[in-house]
Amino acid sequence: MSFCFFYNCHKRLVRCLMFVFIVSIFASCIPQKHIMLMQNKDNGETIFDKLDTITSRYRLQVNDYLYITVTSPEPKLSSFFNPMQSGGMSSTMSSKEFYYYLIDDNMNIDFPVVGKINLQGCNLELARVRIKEAISKYLNEFDVTVHLASNTYTILGEVNKQGQISMTRDQITIYDAIGNAGGFTSYAKRTKVQLLRKDPEGRAHMYVLDVTDDNIINSDFYYIYPNDVLYVRPLKVKSLGFGEVLSTSLVTSLITLYLLIKSIGS
Numbered sequence: 006m007s008f009c010f011f012y013n014c015h016k017r018l019v020r021c022l023m024f025v026f027i028v029s030i031f032a033s034c035i036p037q038k039h040i041m042l043m044q045n046k047d048n049g050e051t052i053f054d055k056l057d058t059i060t061s062r063y064r065l066q067v068n069d070y071l072y073i074t075v076t077s078p079e080p081k082l083s084s085f086f087n088p089m090q091s092g093g094m095s096s097t098m099s100s101k102e103f104y105y106y107l108i109d110d111n112m113n114i115d116f117p118v119v120g121k122i123n124l125q126g127c128n129l130e131l132a133r134v135r136i137k138e139a140i141s142k143y144l145n146e147f148d149v150t151v152h153l154a155s156n157t158y159t160i161l162g163e164v165n166k167q168g169q170i171s172m173t174r175d176q177i178t179i180y181d182a183i184g185n186a187g188g189f190t191s192y193a194k195r196t197k198v199q200l201l202r203k204d205p206e207g208r209a210h211m212y213v214l215d216v217t218d219d220n221i222i223n224s225d226f227y228y229i230y231p232n233d234v235l236y237v238r239p240l241k242v243k244s245l246g247f248g249e250v251l252s253t254s255l256v257t258s259l260i261t262l263y264l265l266i267k268s269i270g271s
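Residues in the sequence shown are numbered consecutively from 6, following our numbering.
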């Protein structure tokens with residue numbers, strides 16, 4: 006009787022394990038539409054509008070650093086506006102070609118000779134105009150170059166390299182940002198990528214983006230702005246131990262359980 010009992014238990018266990026294994030395989034299969042990027046989801050012709058540059062859209066924020074240099078036909082005069090900083094001033098730093106300045110809590114920069122220049126509501130071009138207007142009281146023929154120095158973004162969640170990443174150029178798309186982070190992991194929920202972005206008044210807004218839809222290229226979120234934060238949410242299957250392939254730990258656990266029950270019945 007004990008033999009029949011263990012034999013029946015063994016058969017039921019094998020069926021149970023087979024059922025769990027088959028369900029696990031189906032659960033681990035993620036539809037291709039949830040993985041492929043830039044899909045034409047509306048099945049119509051995709052026409053990409055002419056895109057504004059990030060430098061025209063982005064409004065400067067508190068704690069941004071600006072590269073600024075002044076050039077003129079009279080180098081001795083322009084040198085007053087390009088002082089070499091040998092000390093430890095936190096609001097001004099220097100490099101070989103540019104001099105960069107911190108935007109303070111009141112959206113001002115402290116510029117040599119001129120003093121405070123307010124950059125509230127400015128993009129880079131408008132900032133250049135305001136700085137040039139301030140300097141025009143002291144120089145006649147000159148030009149001003151302004152670039153962002155604090156161009157970094159942060160990416161977290163289901164990517165292969167989390168953290169703060171420097172933008173190597175002004176034009177960084179959301180796909181560049183993901184690629185710079187090593188791409189998605191197997192568990193990434195590509196249809197619901199969260200973006201945290203501040204407006205010119207400093208208020209943070211949360212947006213949910215579908216990077217599998219090619220229409221994102223025509224949206225305001227195609228370019229990544231300095232100080233953006235991206236969070237890639239995990240798929241629900243991650244909490245169950247599944248991904249695009251069956252979890253090794255789950256398979257190991259099933260085999261261990263099977264061998265344990267078999268050894269008890271033998």
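Cβ atoms here follow ideal geometry from the backbone N, Cα and C, with glycine treated the same way. Only a predicted model underlies this, so the values are computations on that prediction, with no experimental measurement involved.
Tyr63, buried or exposed, once every other Cβ within 10 Å from all chains shown has been counted against 16
buried
Going by beta-carbon coordinates alone, are Ile177 and Val75 separated by less than 8 Å?
no
With distances taken Cα to Cα, identify the nearest neighbour of Ala193 among Val216, Tyr105, Asp148.
Val216
Would you grab the beta carbon distance between Tyr212 and Ala182 for me? Rounded to a whole angstrom, and I think it's under 8 Å.
With a Cβ gap of about 14 Å, Tyr212 and Ala182 do not count as contacting.
Here's the rule I'm using: 16 or more other beta-carbon atoms within 10 Å means buried, otherwise exposed. How should Val118 be labelled?
exposed
Over the uninterrupted beta strand (DSSP E) stretch that includes Ile140, give me the two end residues.
Premise fails: Ile140 lies in the alpha helix (DSSP H), 129-140, not in any beta strand (DSSP E).
Rounded straight-line distance, which links the Cα of Leu144 to that of Tyr230:
33 Å
For Leu214, the first and last residue of its enclosing alpha helix (DSSP H)
No alpha helix (DSSP H) contains Leu214, which is instead part of the beta strand (DSSP E) from 209-214.
If you draw a straight line from the alpha carbon of Arg238 to that of Pro88, how long is it in whole angstroms?
47 Å
Uninterrupted beta strand (DSSP E) stretches inside the segment 146-233 (no shorter than 3 residues):
As far as the segment 146-233 is concerned, its whole beta strand (DSSP E) runs of at least 3 residues are 148-153, 157-162, 168-171, 193-203, 209-214.
Endpoints, beta strand (DSSP E) assigned at Lys241
Taken as a continuous stretch (DSSP letters only), Lys241 belongs to no beta strand (DSSP E), as it is neither H nor E.
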